[in-house]
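Note sheet for the following structure.
In my numbering, the protein residues as written are 14 to 205.
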């Protein structure tokens, strides 16, 4: 492997306290941000379709992984949907285990890419592919190996099509936020 590709010395290791705070903030974000989209959906008559389209729960999980590392990302990814379900009943019980696995994978993969030298948008795309692959594998295993009838294999492709706007939102918003957090002295650099 090229040392130009993998440089782990560029970002310092965060303290356990900082990682813990980041994890808690991401879990809160994974509960609160989708609720905003669901409220807008309810007010506009679209129901939960805004959440399914814009994938708001993914945002804080991928961000915390890229900024705080794999532990924070994986824990927030696994607990975010669970806490959201406990508070709001969403995601639905039939999709909860798949969402927990998918978001745990997003957070873990984002954290593993934290110190890799590549554009943030490429990291986001790699994380999206990895998380969706984990979710697809879990759904296929549940359907074909365990005979789960509460979820269908077709939901794999349907969720990708439905979430295209959310994927595009992640490609633009996450790299900008990560840049702003990692380069606080260059606040006006993106605006000029």
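By construction, the Cβ of each residue, glycine as well, lies at the ideal position given by its N, Cα and C atoms.
Tell me which residue opens and which closes the alpha helix (DSSP H) that residue i is part of.
i	result
residue 125	109-125
residue 30	29-57
residue 181	177-195
Would residue i count as contacting chain E if we go by Cβ distances under 8 Å?
i	result
residue 61	Looking at the structure shown, chain E is missing, and only one protein chain is on hand.
At the level of alpha carbons, what is the spacing between residue i and residue j?
i	j	result
residue 191	residue 133	8 Å
residue 198	residue 189	14 Å
residue 83	residue 54	32 Å
residue 85	residue 33	7 Å
residue 28	residue 88	16 Å
residue 25	residue 80	11 Å
residue 119	residue 76	10 Å
residue 108	residue 124	24 Å
residue 194	residue 187	11 Å
residue 110	residue 135	27 Å
residue 178	residue 67	6 Å
residue 144	residue 48	22 Å
residue 58	residue 52	10 Å
residue 131	residue 30	27 Å
residue 185	residue 106	31 Å
residue 154	residue 196	42 Å
residue 112	residue 104	8 Å
If you run the structure through DSSP and keep just helix, strand and coil, what is residue i?
i	result
residue 26	coil
residue 61	coil
residue 68	coil
residue 86	helix
residue 78	helix
residue 91	helix
residue 171	helix
residue 104	coil
- prompt: Does the stretch 164-175 touch the stretch 98-105, meaning 3 or more C-beta pairs lie closer than 8 Å?
  reply: no
- prompt: Residue ranges of each alpha helix (DSSP H) run of no fewer than 4 residues wholly in the stretch 128-165, ordered along the chain?
  reply: 133-153
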